[in-house]
Amino acid sequence: MDSVSKGKVLIIDDSPKNIQVAVSILEQAGYECEFSLNGAGGLTWLESEPFDVILLDVMMPEEDGFEVCRNIKSNPGLKKIPIVFLTAKTDRESMIQGFEAGGEDYITKPFDARELIVRIRNQVELKRNRELLEKTNKDLELLVEDKTQKLVETNEQLTKTNQELRHFNQNLKVLEESKQHFLNMLGTEISGSLNEIIGILQVVKYKVDSKKVAQLIDRIDRSLSKIEISVGSALRITELQSKGEILSLERIEINKLIGFAVFKLDDKIRHKQFKIENYTNQEPIYINGESQLIMAALVNIIDFFLERNLTGAQLTIETQKEAQKTYIYFKDNGEYISDEDKAAIFDVFYTGTQSLHITKLIAQVHFGEVTLENRKLSKGVELSLELFTKEE
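Counting from 0, one number per residue, gives the positions in the sequence shown under numbering that gives the first Met the number 0.
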């Protein structure tokens, strides 16, 4: 016998000679064997030890093999053990009766040793494969059950998180509405106050006798005008971003708007003896956008160049239309700008007089962008304002 058993076989047969022959063949093939001379003894064996297959004789005096088979198959703990009938009968009716009783296979007497080994081996392998499949299915069921439980727990956590997010969003919405209300109220107050101050300055400016005082009043007037434009633009952009509103589009001739922006800063331009060359196309360039916002961006850009340059500097402005994009190029002949200063100028927290953050926001709400680079072929910097707007 091999050191490792190929399986355990129970032989139930009333003939000691048949048992002896079968045991001899099967043990030589590597199987462990036990035997019983009747069905009752076989059941006793089955209840005390596990077996891989049963070799059952059909013709026995007290209880035939069919009845023994039915008794075995009616027992839940034994019904999965395959039964191979050992019979001298070869008629079709007996074979059918054996299968109906629950048998898995049969072999006729006198049996061939190789046939007996093959049939026993097949049933042992089928039984073990079924057991492996059952174990795999059970493991899969446990795995699915575990994963399902984890999914349920995850779903419960997601539901809880979603509820918390909804609550958070509701609070955020209230805060956003409160913020917008406060900004609108603050903007109204600031605009009203600025208009009143500007009106008073206009009256005072023409009544003072001192030239120096008049110049100071002009500077205050220009600063207040710039504040008014910045505040109005900031409030409008906040409104667009927070409420998800869309632009109130107007058909704008961009070159005329550039002229208005230059005129807005005329006093400061003359004071700094700033030379501006505006190279515009012969044909008008029209875009769709909010004129007040674009005007604020243009004023902010020109004032940026006024602030960064010394007296007598030069600024060139060029416009160009390509498909649905309008480009406005601003070029000066001043000093180069460092990468650190360039990044700071566009930062929301930049507090200097040359901030371009508001211009960046205005470009973005018009689906465009603003870039600032040192000029490659000459001294100075070049600012490009791109407005991605559609012609009517």
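Heads up, the beta-carbon is just placed ideally off N, CA and C, and yes, glycines get one too.
Quick caveat, the model's predicted, so the values are computed rather than measured.
DSSP on K126, reduced to helix/strand/coil? Within the sequence shown, the letter at position 127 stands for residue 126. Helix at K126.
Where I106 and F84 are concerned, what is the direct C-alpha to C-alpha distance, given to the nearest angstrom? The sequence position of residue 106 within the sequence shown is 107, counting from 1. The sequence position of residue 84 within the sequence shown is 85, counting from 1. Their Cα atoms are separated by approximately 6 Å.
Within-7 Å CB hit, L9 to chain D: The chain inventory of the structure shown lacks chain D, comprising one protein chain alone.
Which same chain residues, not among the five before or five after T310, have their C-beta less than 7 Å away from its C-beta? Reading the sequence shown from its first residue, position 311 is the one you call residue 310. Taken in chain order, the residues that qualify are K271 and Q272.
Taking Cβ positions, are V123 and G40 nearer each other than 7 Å? Here residue 123 refers to the residue found at position 124 when the sequence shown is read from its first residue. Here residue 40 refers to the residue found at position 41 when the sequence shown is read from its first residue. No, the pair does not count as a contact, with Cβ atoms beyond the cut-off.
Name, in chain order, the residues that DSSP records as bridge partners for E114. If you number the sequence shown from 1, residue 114 lands on position 115. When beta bridges are read from the DSSP output, E114 appears opposite no residue.
Residue range of the unbroken alpha helix (DSSP H) whose run includes E368: Taking the sequence shown and counting its residues from 1, one reaches residue 368 at position 369. Looking at the DSSP string, E368 is not in any alpha helix (DSSP H); the run it does join, the beta strand (DSSP E), is E368 to N373.
I believe Y349 touches I316 by the beta-carbon criterion, under 8 Å. Please report the beta-carbon distance rounded to the nearest angstrom. For the purposes of this step, residue 349 is taken as residue 350 along the sequence shown, with counting starting at 1. For the purposes of this step, residue 316 is taken as residue 317 along the sequence shown, with counting starting at 1. Their Cβ separation, rounded to whole angstroms, is 24 Å, which puts Y349 and I316 out of contact at 8 Å.
Looking only at DSSP bridge pairs, what is L42 linked to? One-based indexing of the sequence shown puts residue 42 at position 43. Beta-bridge pairing links L42 to no other residue.
Where does the unbroken beta strand (DSSP E) through G288 begin, and where does it stop? Along the sequence shown, one-based indexing puts residue 288 at 289. Residues Y285 to G288.
Should I260 be labelled buried (16 or more other beta-carbon atoms within 10 Å of its own) or exposed? By one-based count along the sequence shown, residue 260 stands at place 261. In the sequence as displayed, the identity of residue 260 is Ala instead of Ile. The residue in question, A260, is buried, as its Cβ has 16 or more Cβ neighbours within 10 Å.
Which residue marks the beginning of the beta strand (DSSP E) containing L386, and which one marks its end? Taking the sequence shown and counting its residues from 1, one reaches residue 386 at position 387. Its beta strand (DSSP E) spans residues V380 to F387.
Runs of beta strand (DSSP E) lying entirely within the region 47-121, each at least 3 residues, in chain order: 52-56, 82-86 and 104-107
Thinking just about the alpha-carbon of each residue, which of I284, L42 and A342 is nearest to the one in R250? In the sequence shown, counting from the first residue as 1, residue 250 sits at position 251. Each of I284, L42 and A342 was checked against the Cα of R250, and the nearest Cα belongs to I284.
Residues near I275 in its chain [Cβ-Cβ closer than 7 Å; skip 5 each side]: Locating residue 275 in the sequence shown gives position 276, where the first residue counts as 1. The answer, listed in chain order, is V261, I268, L314 and I316.
N254: first and last residue of the uninterrupted beta strand (DSSP E) it sits in: Taking the first residue of the sequence shown as 1, we reach residue 254 at position 255. It is not in any beta strand (DSSP E) - N254 instead sits in the alpha helix (DSSP H) that spans I253 to K263.
If I measure Cβ to Cβ from L264 and keep anything under 7 Å in the same chain, skipping five residues before and after, which residues do I get? Taking the sequence shown and counting its residues from 1, the one referred to as residue 264 is at position 265. Within the same chain, L264 has close Cβ partners V298, I301, D302 and L305.
What separation, rounded to the nearest whole angstrom, lies between the Cα atoms of K293 and H166? Translated into the one-based positions of the sequence shown, residue 293 becomes position 294. Translated into the one-based positions of the sequence shown, residue 166 becomes position 167. Checking the sequence shown, residue 293 turns out to be Ile, not Lys. Cα-Cα distance, rounded: 38 Å.
Identified DSSP bridge partners for E33: In the sequence shown, the residue the question calls residue 33 occupies position 34. According to DSSP, which records beta bridges pairwise, E33 is partnered with L9.
Expressed to the nearest angstrom, what Euclidean distance is found between the alpha-carbon atoms of N373 and K324? Within the sequence shown, residue 373 is the residue found at index 374, counting from 1. Within the sequence shown, residue 324 is the residue found at index 325, counting from 1. Distance between the alpha carbons of N373 and K324 is about 22 Å.
In three-state DSSP terms, what is E282? Against the sequence shown, residue 282 aligns to sequence position 283. E282 falls in the coil class under three-state DSSP.
Using the Cα positions of V380 and F329, report the straight-line distance between them to the nearest angstrom. Your numbering for residue 380 matches position 381 in the sequence shown. Your numbering for residue 329 matches position 330 in the sequence shown. For V380 and F329, the distance between alpha carbons rounds to 8 Å.
Segment contact flag, the region 137-144 with the region 104-121, C-beta cutoff 8 Å, min 3 pairs: no
Assuming E317 is part of the beta strand (DSSP E), what are its boundary residues? Taking the first residue of the sequence shown as position 1, residue 317 is located at position 318. Where E317 is concerned, the enclosing beta strand (DSSP E) stretches over Q313 to E321.
D1 to G29, Cα distance in whole Å? The residue you call residue 1 lines up with position 2 of the sequence shown. The residue you call residue 29 lines up with position 30 of the sequence shown. Note that D1 scores 45 on pLDDT, short of 50, meaning its location in the model is unreliable and no value can be drawn from it.
Take T318 as the anchor and find which of L386, A312 and P75 has the nearest alpha-carbon. Residue numbering aside, residue 318 sits at position 319 when the sequence shown is read from its first letter. For the residues L386, A312 and P75, the minimum Cα distance to T318 belongs to L386.
Beta-bridge partners of G250, as assigned by DSSP: As a first step, residue 250 must be located in the sequence shown, where it is residue number 251. In the sequence as displayed, the identity of residue 250 is Arg instead of Gly. Note: R250 sits in a beta bridge opposite N287.
Check for me: the beta strand (DSSP E) holding D331 runs from which residue to which? The residue given as residue 331 occupies position 332 in the sequence shown. Note, D331: beta strand (DSSP E), K324 to D331.
Looking only at DSSP bridge pairs, what is F274 linked to? The sequence position of residue 274 within the sequence shown is 275, counting from 1. Sequence check: residue 274 is Lys here, not Phe. Note: K274 sits in a beta bridge opposite Q313.
Where E130 and N161 are concerned, what is the direct C-alpha to C-alpha distance, given to the nearest angstrom? Position 131 of the sequence shown, counted from the start, is the residue given in the question as residue 130. Position 162 of the sequence shown, counted from the start, is the residue given in the question as residue 161. Distance between the alpha carbons of E130 and N161: 45 Å.
Suppose the cutoff is 7 Å on Cβ atoms and the five residues either side in sequence are ignored; what does the same chain contact list for E61 look like? For the purposes of this step, residue 61 is taken as residue 62 along the sequence shown, with counting starting at 1. Result list for E61: N37, in chain order.
Beta-carbon spacing of P81, E103 below 7 Å: One-based indexing of the sequence shown puts residue 81 at position 82. One-based indexing of the sequence shown puts residue 103 at position 104. In contact: P81 and E103 (Cβ atoms closer than 7 Å).
With H, G and I counted as helix, E and B as strand and the rest as coil, what does DSSP make of D346? Translated into the one-based positions of the sequence shown, residue 346 becomes position 347. Residue state, collapsed to three classes: coil.
Return yes when the C-beta of F167 is under 6 Å from any heavy atom of the ligand SAH, and no when it is not. Ligands displayed in this structure: none; no statement on the ligand SAH is therefore possible.
In whole angstroms, what is the alpha-carbon distance linking I245 and H365? If you number the sequence shown from 1, residue 245 lands on position 246. If you number the sequence shown from 1, residue 365 lands on position 366. One C-alpha to the other measures close to 10 Å.
Between the CA atoms of V52 and F65 - distance to the nearest angstrom: Taking the sequence shown and counting its residues from 1, one reaches residue 65 at position 66. Taking the sequence shown and counting its residues from 1, one reaches residue 52 at position 53. The straight-line gap from Cα to Cα measures roughly 16 Å.
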